[in-house]
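Heads up, the thing below is written out as structure tokens.
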């Protein structure tokens, strides 16, 4: 949470460590209960045995007073524009607006992602970033009362979906001054009762959440509740065991999210960082398995950042900016170098001089793990210092007012990525219902680090079954980063009939601000980066054309840009197309 003026803070010597806390926090903060007697430990064992019985729903009644034991610090800043919109009287999400005074939680007819934003109360962070407690509390309490009236007694989805419930518990507790500063004791009691009810709901639903980020968040909510609500000893044992399993199923061994989505990676790390704050505020040691998960996940995330510090456009993500990435990483307390080789996570990073080349070197995620999975195997992105040069369109997961659903689906295609497209078809099929179908099942990868630079060779079988060709891509970056050589080969697959002659297009989407100019022989182009360097592109096969393209930023806003398209025809015996990107000024 952002720092408050000194006039808004009060000192409380009786708080451990002599901490200064906000007056809004003083309303709900209490001292820790230290130690348990043998009788209490036996009682808590019985308490845990009631987890899946009818006693579960009533076990807090009369046993522990309803209160928060602490208010975790939220050090990650929110969205300033969204926060200012809330102060102005409406929610703003990817260009979509919902006036607060007409908000009806019974019939919340908005886009699913917008609905989740409101139900998860993630907007509390945005509000706290731009408002003091006195300014923000009336707005937050007004929305809170509406939500409680509609959902406190009637659990239903998506409001009570496990991941939304867990995020809500985390934001309710970390932003408690905004929702618990009221002098209305009935309202305060209702809020605290709903926090306890949310914890009980997560106890039963966390392990039923879909594997991946949803289940990770749900178990994170259980662990947070165990330390922020009285009587959480048994819940903590139960929750940490579940969280360990959720981490193992949400991240690959190299630290990357199983959905291969940078957005899921960022949210998973943010969840673990918020849990770290819970352990810190309760002055408890964070379990080693959480620290180990962060130590793997942070380098994997940094491995897909460009020279400007922002994320690349992979698997539905837009170009998330550096400030947000830095804030999430800082909240983890992990200092690490970017991961260069991530075979499970699926991204390869070649870096030298000012150049960073990112490569998608894995099959797309399993359909059930990624709603916006993309047919992007073999695609590349390239940046020169703070300037992006070659990009992917990205943004398929960011549909909203700026990005219609139909366009978002189109951004999942192979043609929306900087790679080879054969017969104007996807390397992995995208089915009418939006799920990923057959295509790439295997990627062969070989990487070498030499004195002269880095060499990466990969091939995939996405076109073998339908067309009969293997796509092999060779990439080499010089030791100073000023030269990237590539070769794209289409080879007839073994034990298949000879394929028919087939047209192909080799696409290089250019970042906004890159101005291409074709050379006189139509075999190359000069790429001038606005306020940046001059690069030259050359190819020895096919013809080059300049076509329109789109690039999606981190807010889901499309920006017009251009692309280089090298066209040719694959012959039955195969074909090889070489190309060069060289920094010339």
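In my numbering, the protein residues as written are 6 to 590. For each residue, glycine too, the CB sits at the ideal point set by N, CA and C. Predicted model, so just to flag it, every value in this text is computed and none were measured.
The beta carbons of residue 444 and residue 467 sit closer together than 7 Å. Residue state for residue 513 is assigned as strand, using DSSP reduced to three classes. Under DSSP, residue 555 shares a beta bridge with 565. Judged by beta-carbon spacing, residue 572 lies within the 7 Å limit of residue 548, meaning their Cβ atoms are closer than that value. For the pair residue 152 and residue 110, the CB atoms are nearer than the 7 Å cut-off.
Residue 207 is positioned such that its CB atom lies no closer than 7 Å to that of residue 181. DSSP places residue 388 in no alpha helix (DSSP H) but in the uninterrupted beta strand (DSSP E) bounded by 385 to 389. Taking the Cα positions, residue 255 is about 21 Å away from residue 341. For residue 194, the enclosing alpha helix (DSSP H) begins and ends at 190 to 210. Residue 169 carries a helical assignment under DSSP once its states are collapsed to helix, strand and coil. Residue 516 counts as buried, since no fewer than 16 other beta carbons sit within 10 angstroms of its beta carbon.
The shortest C-alpha to C-alpha distance from residue 586 to any of 189, 113, 565 and 480 is the one to 480. Here the alpha carbon of residue 218 sits roughly 6 Å from the alpha carbon of residue 269. Using a C-beta cut-off of 8 Å, the stretch 302 to 321 makes contact with the stretch 386 to 404, since at least three inter-stretch Cβ pairs fall below that distance. Rounded to the nearest whole angstrom, the CA to CA distance from residue 448 to residue 294 is 31 Å. In this structure residue 413 is buried. Its beta-carbon is surrounded by 16 or more other beta-carbon atoms within 10 angstroms. Three or more Cβ pairs drawn from the stretch 74 to 83 and the stretch 123 to 135 lie within less than 8 Å of each other, which places the two stretches in contact. Counting only residues of its own chain and dropping the five nearest sequence neighbours on each side, residue 279 has a CB closer than 6 Å to the CB of 175. When C-alpha distances from residue 249 are compared across 221, 403 and 411, the shortest belongs to 221. For residue 256, the three-state secondary structure derived from DSSP is strand. A distance below 8 Å between beta-carbons, with the five flanking residues on each side excluded, links residue 147 to the following residues of its chain, in chain order: 105. In the DSSP assignment, residue 497 falls within the beta strand (DSSP E) that extends over 488 to 497.
Taken through DSSP and simplified to helix, strand or coil, residue 83 comes out as coil. Between residue 355 and residue 459, the C-beta gap is smaller than 7 Å, which places the two residues in contact. If you draw a 10 Å sphere on the C-beta of residue 560, you find 16 or more other C-beta atoms in it, and that means buried. Closest in alpha carbon position to residue 272, among 526, 302, 145 and 483, is 302. With respect to residue 521, residue 527 sits apart: the two C-beta atoms are not nearer than 7 Å.
Nearest to residue 588 by C-alpha distance, out of 487, 509 and 141, is 487. Here residue 450 carries a strand assignment [DSSP, helix/strand/coil].
Contact between residue 426 and residue 434 is absent: CB atoms are separated by about 13 Å, not below the 8 Å threshold.
When the Cα atoms are used, residue 260 and residue 297 turn out to be separated by approximately 9 Å. Note that the stretch 494 to 501 does not touch the stretch 370 to 378; fewer than 3 beta-carbon pairs, one per stretch, sit closer than 8 Å.
Pairing residue 574 with residue 508 gives a Cβ-Cβ distance under 7 Å. With fewer than 16 other beta carbons inside 10 angstroms of its own, residue 502 counts as exposed. In the DSSP assignment, residue 458 is bridged to 455 and 483.
Proximity to residue 215 across 229, 195, 235 and 251 peaks at 251, based on C-alpha coordinates.
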